[in-house]
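Worksheet: the structure to be examined is printed underneath.
Residue numbers (the working numbering), protein chains in the order written: chain A, 7 to 345; chain B, 33 to 355.
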């Protein structure tokens, strides 16, 4: 609230007239979400049930956890194409430890497995960060290569088997409820709150926005870009691994290629959420709205009896539409300020 | 503006050429079946489709853009071509033309999003990636389509005078792309857009028209690649192309093309494609367990990318072109 007041004061100080289309475009995602919500509840009586809404948000949570990590990387103006592959390899490492197949000693406490999975994700994120900052490969290329390496590591570790059948105490993390709310939603909210705090209240967060907004100035004021970038990739790897653990707990199995599906919806969620791919602009709440929008459209299509094959098409249309509308708002913003 | 005239010839040869040569030697030592005419033609056939789409991708990257939709547009084009022949009963050449036409339409849409919608190329073509994937799935109801026999399959599997038709097609596309890039005004604008778009605009060039034509051309090549792939595999599958867009971008970067545009070559991309194709074929022939192939491919590609990008940067720094 305070930041909003400060922003408003800043705008007034600059005597820049705020055009109504700019306000509209700024909140266009929220408006779209509300319109879609109302329209779907009118058309389909099944939509507006607690069970269905929970289901929509639960489906969105896994993708959102990954998308929030991806967003941190994109805020720097970089990209992480390896999140799907990191999910696969982390899931397999976690599952292997929990079932004791990695050590041949029988079941371990699942906590060790979760830690091993998370460490795997962070490690691959760290490698991404090194390739981007120290070897100075373009991030698109570095993380594309890492996608092969992580998938390859998963295939080597698995040898084509499926790890399945976990105990209930571990499966609680994907299937359980806390006060009637599914665990994936609770954990997604936890990740979102922590990341929102980091991005808006800490020096690291300010450095991330600074580097993404203006790389040269960030360097001139002495921000350690390499360190921040490596941390961002480690956050992205952590989020992918976190989603991996929940996914394994929910599906009760881990197998090769299980993360391949996620890359497109994850990047789509970040873009629909209005994060600029050139960096510096984007927030956690906006990304969450983007993820909900994507999940709700999918749910609406299913409820309305439209073939689920339209999912990808609507995702693509939403991506382009969101950015075009976002551009309308920016154009109005920029023109009166005299540039 | 850095273009090929201002650089010494040695820089235009991608560093990874030596990696390809090294791989050829290693695989020849590793397997007696590798360096045979038969296998080299097989490699050519495996590389041909990627050459076709990577040419379009390289032109787009040279202009400072990127095309992430090439893979799924391939899927769409193959499905459109096969279904318009099988289900709508159109003659084979017309069906193939429709397939390529769907690619052109997708490319035109990319160009319109980028120019009039002011959507960044990465986002616009990523959106098209999803849309083309969706259309291919809707069109086929997510099932594979068996390609018609006869001429349709000849493109991908037939020979002309002992040379695979697909290799000849790829060679023609390569020559055509080189002609466009080096012999026409359009080619100069492509380099110009990648180095200094504002300067090109101030020269009086219609930048919008230029970009729309460029993305439509890339779409046409993706469409052609999709038809060729469905011919080679005798099947059009709605998700077959997903992932090829990354291979095409990687081939371009392996060949020395800068992702920020304005610097690179089509011949370099050809070398990049050969590296990927030789690697996949060779690892298979020397009997590396299939479990290991994926990871080893990744490590070699990353290593080659590091060599290419780092050495190129060193050279440019030495010449004082880059800081």
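For glycine and all other residues, C-beta sits at the position ideal for the given N, C-alpha and C. Every value quoted in this text rests on a predicted model; they were computed, and no experiment measured them.
{"Asked": "Rounded C-alpha distance that separates residue 232 of chain A from residue 135 of chain A", "Found": "8 Å"}
{"Asked": "Simplified DSSP assignment, three categories, for residue 176 of chain B", "Found": "coil"}
{"Asked": "C-alpha gap between residue 148 of chain B and residue 296 of chain A, whole angstroms", "Found": "24 Å"}
{"Asked": "Pair within 8 Å by beta-carbon distance, residue 283 of chain B and residue 301 of chain B", "Found": "yes"}
{"Asked": "Same chain, Cβ closer than 7 Å to residue 167 of chain B, neighbours up to 5 away in sequence not counted", "Found": "108"}
{"Asked": "Under 9 Å from the C-beta of residue 280 of chain A: neighbouring residues of chain B", "Found": "By Cβ distance, chain B contributes nothing, its closest Cβ being about 11 Å from residue 280 of chain A, past 9 Å."}
{"Asked": "Residue ranges of each alpha helix (DSSP H) within the stretch 170-245 of chain A, 4 or longer", "Found": "174-181, 189-207, 209-219, 221-226"}
{"Asked": "Assigned secondary structure, residue 338 of chain A (DSSP; H/G/I helix, E/B strand, else coil)", "Found": "Low local confidence applies: a pLDDT of 49 at residue 338 of chain A is under 50, so the model's placement there is unreliable, with the coordinate-based value given in what follows. Correct three-state label for residue 338 of chain A: helix."}
{"Asked": "As assigned by DSSP and simplified to three states, the class of residue 98 of chain A", "Found": "helix"}
{"Asked": "The stretch 236-246 of chain B in contact with the stretch 265-273 of chain B per 3-pair CB rule at 8 Å", "Found": "no"}
{"Asked": "Close Cβ partners of residue 318 of chain B (< 7 Å) along its chain, the five nearest in sequence each way excluded", "Found": "59, 62, 63"}
{"Asked": "Per-residue contacts from residue 239 of chain A into chain B (C-beta, under 7 Å)", "Found": "Correct list: empty, because the minimum Cβ distance to chain B is about 15 Å."}
{"Asked": "Contact set for residue 293 of chain B: own chain, Cβ-Cβ below 8 Å, skip 5 residues either direction", "Found": "93, 94, 95, 96, 97, 225, 226, 227"}
{"Asked": "Backbone CA spacing between residue 2 of chain A and residue 218 of chain B [nearest angstrom]", "Found": "Not covered by the structure: residue 2 of chain A. The range shown for chain A is 7 to 345."}
{"Asked": "Assigned secondary structure, residue 312 of chain A (DSSP; H/G/I helix, E/B strand, else coil)", "Found": "coil"}
{"Asked": "Cβ of residue 173 of chain B within 8 Å of any chain A Cβ", "Found": "yes"}
{"Asked": "Environment of residue 344 of chain B [buried if 16+ CB atoms lie within 10 Å]", "Found": "buried"}
{"Asked": "Cut-off 8 Å between Cβ atoms - residues of its own chain near residue 94 of chain A, not counting five sequence neighbours on either side", "Found": "156, 157, 160, 250, 262, 263, 264, 265, 266"}
{"Asked": "Pick from B/287, B/313, B/321, B/328 that is closest to residue 50 of chain B, judged by C-alpha positions", "Found": "B/287"}
{"Asked": "Presumed contact (8 Å Cβ cut-off) between residue 257 of chain B and residue 57 of chain B, rounded CB distance", "Found": "In fact, because the Cβ distance is near 30 Å, the residues do not count as touching under 8 Å."}
{"Asked": "Residue of A/83, A/196, A/301 minimising C-alpha distance to residue 139 of chain A", "Found": "A/83"}
{"Asked": "When B/162, B/125, B/189, B/193 are compared against residue 419 of chain B, the one with the closest alpha-carbon", "Found": "In the structure as shown, chain B starts at 33 and stops at 355, and residue 419 of chain B therefore has no counterpart that could be examined."}
{"Asked": "Neighbour flag for residue 329 of chain B against chain A, beta carbons, 8 Å", "Found": "yes"}
{"Asked": "Cβ of residue 315 of chain A within 8 Å of any chain B Cβ", "Found": "yes"}
{"Asked": "Pairwise C-alpha distance: residue 317 of chain A and residue 304 of chain A", "Found": "6 Å"}
{"Asked": "Proximity to residue 101 of chain B [Cα-Cα], best of B/68, B/140, B/65", "Found": "B/140"}
{"Asked": "Distance, residue 172 of chain B Cα to residue 291 of chain A Cα", "Found": "37 Å"}
{"Asked": "Assigned exposure category for residue 68 of chain B - 16 Cβ within 10 Å defines buried", "Found": "exposed"}
{"Asked": "Three-state class that DSSP yields for residue 262 of chain A in the structure shown", "Found": "coil"}
{"Asked": "Cutoff 8 Å: residue 229 of chain A Cβ touching any chain B Cβ", "Found": "no"}
{"Asked": "Chain A contact residues for residue 150 of chain B, given Cβ-Cβ distances below 7 Å", "Found": "333"}
{"Asked": "Residue(s) in a DSSP beta bridge with residue 438 of chain B", "Found": "Residue coverage of chain B in this structure runs from 33 to 355, which leaves residue 438 of chain B outside it and unanswerable."}
{"Asked": "Proximal residues, the stretch 124-147 of chain A versus chain B, C-beta separation under 9 Å", "Found": "137, 141, 142, 143, 144, 146, 147"}
{"Asked": "Local Cβ density within 10 Å of residue 297 of chain B, reported as buried at 16 or more and exposed below that", "Found": "buried"}
{"Asked": "Inter-stretch contact at 8 Å, needing at least 3 Cβ pairs: the stretch 229-236 of chain B / the stretch 175-195 of chain B", "Found": "no"}
{"Asked": "Proximity below 8 Å, CB of residue 253 of chain B to CB of residue 87 of chain B", "Found": "yes"}
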